[in-house]
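K.L.:
Protein chains in written order, with the numbering used here: chain X, 164 to 570; chain E, 164 to 570.
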C-alpha cells in the first residue's frame with residue numbers, strides 16, 4: 164500500500180515553523196508496516212488541490228495535514244471534496260459540538276465556524292479533543308484520504324484516538340509489516356561500514372541497507388519483509404561492528420550511558436573545558452539521571468582548573484591546557500572532588516581562535532578516570548565548526564563512559 | 164522565479180530525522196526576495212529522478228539536499244546528470260582535496276570516495292569546508308539546480324559561503340528584495356504581542372506581520388516592500404515591547420549575552436542544578452565566550468551544592484534545594500568561588516519525578532548575583548516536558564544576565 168503525506172501551511176515554506184508531522188506520522192505508520200513513500204509541502208490555497216490530484220494518481224493512502232480551520236485560506240476540506248467527487252454536507256451535530264466548546268471557554272462563536280461542520284459525503288468524522296476543527300476520512304474505491312488538523316497538539320491525539328484505530332480496523336489482514344534494525348555507530352565512517360558488511364548482508368536475501376551519516380558517526384538501517392532475515396542481518400552487522408555500536412533503534416548515547424550506569428549502580432562526574440557543560444547537559448536530558456550524575460565542573464579558564472579541580476599550575480604550565488596530562492589531572496580531580504565512580508574530562512580547542520600549528524583548532528584530549536582503577540586518555544582531531552566540534556567531543560566523551568561501563 | 168526544494172533521505176520518511184533544511188533555506192531565500200513554492204521529500208534512490216523531472220516542469224530554481232555522499236544509496240549526482248542531460252566528468256582536484264582531508268585526520272581513504280569527484284559537465288563545484296562531498300550547481304537555459312549535502316553542519320556553511328553568493332551574483336538585477344525586521348521577545352505570548360501592536364503597525368501601510376511562537380517566547384516578523392515603512396513599524400514595535408526584546412534578526416540569547424558582557428568587560432559564572440550545564444553550554448557555543456565565561460558548576464546533587472558552592476546544609480534542610488534561598492546561596496557561592504562579576508544560579512524540578520503538591524514538576528528558582536551589588540531572585544513555573552523545561556529555564560537564566568548587563 165503506497166502512502167503519501169501532504170503537509171499544507173505557508174509558514175512551513177517561509178521557514179517559520181518546522182514540519183514535525185511527517186516524522187510523527189511516519190513512525191506511527193511504520194508500526195503498521197506502512198512506509199511513507201513521498202511527502203510534499205504546499206502553501207495554503209489552491210496548490211493543495213494540485214498536490215492531491217498528483218498523490219491520488221500514485222497512492223492508496225493519503226494524509227493531508229492542516230487547512231481544516233475556519234478561515235478563508237483553509238481549503239483542504241473543499242479540495243478533497245472536489246478531487247474525490249464528493250458533495251459537502253452540513254452536519255448540525257458538529258456545529259453544536261463546536262458551539263459547546265466555545266460556550267465552555269466563555270468565547271463568542273462566529274459564522275466562520277460553520278465551515279468546520281461541512282463533511283464530504285460519506286466521510287468519517289474524527290473528533291478533535293483539543294480544538295474545534297474535526298478530522299475527516301474520505302474514501303473512494305481505491306484511495307483513502309485522512310485529513311488531520313495542523314496544530315501538533317490537535318493532530319497527535321486525533322491520530323492516536325481516531326485515525327490509528329480506524330486504520331487498523333480498515334486494513335486488518337492487508338498489512339504486511341516490515342521489520343527494521345537500526346544500529347548506531349560511533350567512530351566509523353559510512354563507507355567503512357558499507358565495505359565491512361553491505362555485500363555480505365545483501366547476499367543474505369532481500370534486505371534494504373541504508374545509512375544516515377552525522378559528523379563522526381553513522382546509523383545503519385537494515386529493513387526487510389522477513390523478520391528472521393532482518394535478525395540474521397543484524398547479527399552479522401553486530402559481529403562486524405562490535406562495540407562501535409553504541410545503541411540500537413532510537414536510543415541516544417546519553418540514554419545508553421544513563422541506562423548502563425543505573426544498571427551497574429555507578430555514578431559519573433564530568434570535568435569539561437571545551438565542551439562547556441554540554442556533556443553534563445546531555446546526561447541531564449535523560450529522566451532519572453540524578454541517580455547517576457551528581458557533580459559537574461565547567462572549568463573553562465586555567466584558573467578554574469587549578470582552583471576547582473586541584474590541577475598543579477606547573478602541570479598546566481609544562482603541558483598546556485590541551486594535553487593528555489591536563490585531561491588526566493582534570494578527570495582525577497573530578498573523582499577527588501566528588502563521590503563518583505567514574506569521571507570524564509574533556510579539554511580541547513573549539514576555535515575559531517586559540518589554535519597553533521602544534522595544537523590546531525579541533526584538537527581534543529579526553530580522559531576517563533575510574534575510582535581505584537586505571538585512567539584512559541584519548542586524542543582526537545574534530546570538526547573546526549564550533550557547535551559540531553562540541554557535539555562530536557561530547558559524543559566521544561559519553562562513549563568513553565559507555566565503554567568503561569560495559570568493560 | 165519559482166523555487167522548489169527536494170529533500171532526499173529515507174530517514175526523513177521513516178521519522179528518524181527531522182527536516183531542518185527546508186526552514187533554513189526558506190529563510191535564506193526569503194532574504195533574497197524568493198519564496199519556496201513547494202517542497203518534496205523522497206527516499207534515497209530512483210524517486211529522486213522522478214521528483215527532479217516534476218520540479219523541472221514547474222520551477223526555475225531547484226534545491227536538492229542529500230544524496231551526495233559516497234555510498235550506494237547516494238544517487239543525487241547521477242539523477243541530476245541524467246535529468247539535465249549532462250555527462251559526469253571526473254575531477255582529480257576534488258579527489259585530491261578529499262584525500263588531503265582524510266590525511267589531515269589520519270584516516271585511510273577508500274575507493275568509494277571517488278564518486279564524490281564526479282561533476283555534471285559544466286557544473287559549478289561548491290567547496291565543502293566541513294565534509295568530503297562537494298556541492299554542485301548545474302544549469303540548463305531555463306533551470307538552475309543547486310545540490311547541497313545532507314548534514315546540516317555541511318549544508319549551512321556551504322549555503323553561506325558558496326550557494327548564496329553565487330545566487331546573488333547570478334540573480335543580480337532580477338531580485339525584488341523584501342525588507343524584514345525580526346524582533347525576538349521573551350515572556351510575552353503571541354496574542355499579547357498582537358494586541359499590543361498589530362492594528363497600529365498595519366495602519367502604517369503595507370506591512371506583513373508574522374509570529375513564530377515557541378514555548379515562553381515569540382519572534383515578531385515585520386515584512387514589506389518599503390524599507391522606510393518597515394523601519395517605522397520596527398520602531399513602533401520596539402517602543403511597545405521595550406526590554407522584552409532580547410535580540411533582533413537571527414541573533415540568539417547567548418550571542419546577546421556574550422556580546423553585551425564583552426562590551427561591558429564583565430565576566431559571568433554559572434551555578435546550575437536543574438539545567439544540568441545547559442546554560443554554560445549555550446554560553447560556550449558562542450565564539451570568544453572564553454573572554455567572559457571562566458567558571459561553571461553543575462551541582463546536581465545537594466552534596467555538590469554544599470561542597471562546591473559552600474551552601475550551608477541547614478539552609479538546604481530548612482528551605483529545600485528548590486527555593487529562593489538556595490538559588491541565592493548558589494549564585495553567591497559561584498561569585499565567591501570565581502573571579503566573575505555576575506553569577507547566575509538555577510535550581511528547579513525537571514521531572515518526571517521529584518515533584519510535590521507544594522513544589523510541582525516545572526517549578527524553578529533563579530538568582531542573579533552581582534559582585535558588590537544586590538542579588539535578584541525569580542520564580543517561574545515552566546513546561547513539564549523535560550527538555551522543553553531545561554531550554555526555557557536556560558533562556559530565562561540567560562535573560563537575567565542580559566538584563567543585569569544592560570541595567
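Ideal Cβ placement from N, Cα and C applies to all residues, glycine included. On a predicted model such as this, the values are computed, not experimentally measured, just so you know.
Suppose you measure from the CA of residue 214 of chain E to the CA of residue 401 of chain X; what does that come to, to the nearest Å?
P.N.:
Distance between the alpha carbons of residue 214 of chain E and residue 401 of chain X is about 35 Å.
K.L.:
Using a Cβ-Cβ distance cut-off of 8 Å, determine whether residue 128 of chain X contacts chain E.
P.N.:
Because chain X is modelled from 164 through 570, residue 128 of chain X falls outside the range shown and cannot be assessed.
K.L.:
Three or more C-beta pairs closer than 8 Å, one from the region 337-354 of chain E and one from the region 385-395 of chain E: is that the case here?
P.N.:
These segments touch.
K.L.:
For the alpha helix (DSSP H) that contains residue 482 of chain X, what are its first and last residues?
P.N.:
Its alpha helix (DSSP H) spans residues 476-482.
K.L.:
Is it buried or exposed, residue 504 of chain X, if we count other Cβ atoms within 10 angstroms and call 16 or more buried?
P.N.:
Per the 10 Å Cβ criterion, buried.
K.L.:
Determine the direct distance from the alpha carbon of residue 506 of chain E to that of residue 523 of chain E, and round the result to whole angstroms.
P.N.:
In a straight line, the C-alpha of residue 523 of chain E is about 26 Å away from that of residue 506 of chain E.
K.L.:
Count Cβ pairs between the region 168-183 of chain X and the region 198-207 of chain E that sit closer than 8 Å; are there 3 or more?
P.N.:
Yes: at least three Cβ pairs fall under 8 Å.
K.L.:
I'd like to know if residue 414 of chain X contacts chain E, where contact means its C-beta is closer than 8 Å to some C-beta of that chain.
P.N.:
With 8 Å as the cut-off, residue 414 of chain X does not count as an interface residue toward chain E.
K.L.:
What is the rounded straight-line gap between the Cα of residue 262 of chain E and the Cα of residue 379 of chain X?
P.N.:
Their Cα atoms are separated by approximately 17 Å.
K.L.:
Using only the alpha-carbon positions, how far apart do residue 469 of chain X and residue 567 of chain E sit?
P.N.:
If I take the Cα positions, the gap works out to 29 Å.
K.L.:
Which residues in chain E sit within 8 Å of residue 551 of chain X, going by Cβ to Cβ distance?
P.N.:
Within chain E, the residues near residue 551 of chain X are 293 and 316.
K.L.:
Under the three-state reduction of DSSP, which class applies to residue 464 of chain X: helix, strand or coil?
P.N.:
Three-state result, residue 464 of chain X: coil.
K.L.:
Give a yes or no on whether the C-beta atoms belonging to residue 409 of chain X and residue 436 of chain X are separated by under 8 Å.
P.N.:
No, the Cβ-Cβ distance between residue 409 of chain X and residue 436 of chain X is not below 8 Å.
K.L.:
Report the rounded CA-to-CA distance for residue 226 of chain X versus residue 235 of chain X, giving the unit in angstroms.
P.N.:
Cα to Cα, the separation comes out at about 21 Å.
K.L.:
Measuring only the C-alpha atoms, how far is residue 502 of chain E from residue 454 of chain E?
P.N.:
Cα-Cα distance, rounded: 12 Å.
K.L.:
Is it buried or exposed for residue 553 of chain X, if we count other Cβ within 10 angstroms and need 16 for buried?
P.N.:
Residue 553 of chain X is buried by the Cβ-count criterion.
K.L.:
Cβ of residue 458 of chain E less than 8 Å from any chain X Cβ?
P.N.:
It does; some Cβ of chain X falls within 8 Å.
K.L.:
Give the straight-line distance between the Cα atoms of residue 373 of chain X and residue 243 of chain E, rounded to the nearest whole angstrom.
P.N.:
Each residue's alpha carbon lies about 21 Å from the other.
K.L.:
Would you say residue 378 of chain E lies against chain X (beta-carbon separation less than 8 Å)?
P.N.:
No, its Cβ sits nowhere closer than 8 Å to a Cβ of chain X.
K.L.:
Reducing DSSP to helix, strand and coil, say where residue 363 of chain X ends up.
P.N.:
If DSSP states are grouped into helix, strand and coil, residue 363 of chain X belongs with the helices.
K.L.:
Evaluate residue 259 of chain E with the Cβ neighbour count: other Cβ atoms within 10 Å of its Cβ, from every protein chain shown; 16 or more gives buried, anything less gives exposed.
P.N.:
Answer is exposed; the Cβ neighbour count stays below 16.
K.L.:
Roughly how many angstroms separate the alpha carbons of residue 467 of chain X and residue 264 of chain E, rounded to a whole number?
P.N.:
In a straight line, the C-alpha of residue 467 of chain X is about 35 Å away from that of residue 264 of chain E.
K.L.:
Restricting to Cα atoms, I'd like to know which of X:351, X:290 and X:323 is closest to residue 377 of chain X.
P.N.:
Residue X:351 is the option with its Cα nearest to residue 377 of chain X.
K.L.:
Quick one: what's got a C-beta closer than 7 Å to residue 183 of chain E's C-beta in the same chain, skipping five residues either side?
P.N.:
So the list reads 315, once near-sequence residues are dropped.
K.L.:
Please return the same chain residues whose Cβ sits closer than 8 Å to the Cβ of residue 211 of chain E, not counting the five positions on each side in sequence.
P.N.:
Correct list, in chain order: 169, 171, 205, 227, 230, 238, 239 and 242.
K.L.:
Mark residue 448 of chain E as exposed unless 16 or more other C-beta atoms lie within 10 angstroms of its C-beta, in which case mark it buried.
P.N.:
Buried.
K.L.:
Quick one: Cα of residue 418 of chain E to Cα of residue 561 of chain E, how far?
P.N.:
Roughly 10 Å between the two C-alpha positions.
K.L.:
Quick one: what does DSSP say residue 447 of chain E is sitting in, helix, strand or coil?
P.N.:
The answer is coil: DSSP assigns residue 447 of chain E none of H, G, I, E or B.
K.L.:
With distances taken Cα to Cα, identify the nearest neighbour of residue 551 of chain E among E:531, E:525 and E:311.
P.N.:
Taking only the C-alpha atoms, the option nearest residue 551 of chain E is E:525.
K.L.:
Could you pull out every unbroken alpha helix (DSSP H) segment of at least 4 residues lying fully inside the region 256-326 of chain E, listed in chain order?
P.N.:
Taking only runs of at least 4 residues, the alpha helix (DSSP H) segments lying wholly in the region 256-326 of chain E are 315-321.
K.L.:
For the beta strand (DSSP E) containing residue 202 of chain X, name the first residue and the last one.
P.N.:
Element bounds for residue 202 of chain X: 199-205.
K.L.:
Using 10 angstroms around the beta-carbon of residue 442 of chain E, count the other beta-carbons present and answer buried if the total reaches 16, otherwise exposed.
P.N.:
Counting Cβ neighbours within 10 Å, residue 442 of chain E comes out buried, since at least 16 surround it.
K.L.:
Taking only runs that begin and end inside the region 521-557 of chain E, name each unbroken beta strand (DSSP E) of 3 or more residues, in chain order.
P.N.:
Entirely contained in the region 521-557 of chain E, the beta strand (DSSP E) runs reaching 3 residues are, in chain order, 526-533 and 538-544.
K.L.:
Identify each residue in the region 451-476 of chain E for which the Cβ-Cβ distance to at least one residue of chain X is less than 8 Å, and report them in chain order.
P.N.:
Listed by position, the residues of the region 451-476 of chain E near chain X (Cβ gap below 8 Å) are 451, 452, 453, 456, 457, 458, 459, 460, 461, 462, 463, 464, 466, 467, 470 and 471.
K.L.:
Does residue 194 of chain X come within less than 8 Å of chain E when only Cβ atoms are used?
P.N.:
No, its Cβ sits nowhere closer than 8 Å to a Cβ of chain E.
K.L.:
On the DSSP bridge assignment, give the partners of residue 241 of chain X in chain order.
P.N.:
Answer is none; residue 241 of chain X lacks a bridge partner.
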